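>
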Amino acid sequence: MSALISDDELKHETELVWLEDVHQLDYVRQSLDRLPTRSSKPAYHRDGRMVGYAILGPKARASRASGTFRRRVFWLLPHDRDTEPQGLYATGAPAEAVDPRTVTAGSKGRKTERSEGGPPSLAMQELGITLPL
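In full-length UniProt numbering, the protein residues as written are 1 to 133.
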């Protein structure tokens with residue numbers, strides 16, 4: 001889903017709130033949700049758990065039709081690699097997944113060797129980052 005998120009939709013993000021230490025996660029899923037506020041912690045209605053969310057600045061406008069704001073929410077499902085390292089996503093990652101180390105307010109983030117569960121790149125090796133293989 002990250003490919004479907006445009007930079008324009010993220011321009012009012014001022015901060016990302018992480019509810020967990022995302023440096024321990026190979027990837028997080030991201031989506032744009034319709035939420036009633038610009039900044040409070042959103043309710044979570046998926047399986048799994050919410051690991052973070054975006055806060056919007058005061059210039060963000062609510063939808064005229066619904067009165068809601070489109071904000072990013074970051075989440076994981078019960079079968080994701082952090083809880084099932086040898087499971088479905090032992091290698092590869094869901095379409096909406098990004099490496100949380102590449103995500104900042106206003107930036108979509110991207111997939112990396114780490115998020116895909118592949119062999120670590122030379123840069124990762126130099127930094128001493130290892131993957132759960």
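Glycine included, C-beta positions come from ideal geometry on N, C-alpha and C.
Source: prediction; values computed, not measured.
Within 8 angstroms, do at least three Cβ pairs link the region 86-98 to the region 20-31?
The region 20-31, when compared against the region 86-98, does touch it at the 8 angstroms Cβ threshold.
> Hey, out of 8, 92, 58, 71, whose CA is closest to residue 17's CA?
For the purposes of this step, residue 17 is taken as the residue at position 17 of the sequence shown. The shortest Cα separation from residue 17 among 8, 92, 58, 71 belongs to 71.
> Note down the Cα distance separating residue 102 from residue 38, rounded to an integer number of angstroms.
Translated into the one-based positions of the sequence shown, residue 102 becomes position 102. Translated into the one-based positions of the sequence shown, residue 38 becomes position 38. Approximately 23 angstroms between the Cα atoms of the pair.
> Which of the three DSSP states is assigned to residue 96 in this structure?
Taking the first residue of the sequence shown as 1, we reach residue 96 at position 96. In the structure shown, residue 96 sits in coil (DSSP, three-state: anything other than H, G, I, E or B).
> Who are the Cβ neighbours of residue 68 in its own chain at under 8 angstroms, not counting the five residues just before and after it?
For this step, residue 68 is matched to residue 68 along the sequence shown. Cβ within range, chain order: 34, 35, 36, 62.
> Can you check DSSP and say which residues form a bridge with residue 33?
Mapped onto the sequence shown, residue 33 falls at position 33. DSSP, once it has assigned bridges, lists 71 as partnering residue 33.
> Can you find the residues in the same chain that come closer than 8 angstroms, C-beta to C-beta, to residue 83, ignoring five residues on each side of it along the sequence?
Start at 1 with the first residue of the sequence shown, and residue 83 comes out as number 83. 76, listed in sequence order.
> In chain order, what residues of the same chain lie with their CB nearer than 8 angstroms to the CB of residue 59, ignoring the 5 residues before and after it?
Indexing the sequence shown from 1 puts residue 59 at position 59. Answer for residue 59: 12, listed in chain order.
> Based on the DSSP output, what are the partners of residue 55 in its beta bridges?
Start at 1 with the first residue of the sequence shown, and residue 55 comes out as number 55. Its beta-bridge partners are 15.
> Starting from the Cα of residue 78, find the closest Cα among 66, 92, 50, 57 and give me that residue.
Counting from one through the sequence shown, the residue named residue 78 turns up at place 78. Selected option, being the one with the closest Cα: 50.
> Assign residue 81 to one of three DSSP states: helix, strand, or coil.
Residue mapping note: residue 81 aligns to position 81 of the sequence shown, counting from 1. If DSSP states are grouped into helix, strand and coil, residue 81 belongs with coil.
> Are residue 92 and residue 57 touching if we call contact CB-CB under 9 angstroms?
The sequence position of residue 92 within the sequence shown is 92, counting from 1. The sequence position of residue 57 within the sequence shown is 57, counting from 1. For residue 92 and residue 57, no; Cβs fall outside 9 angstroms.
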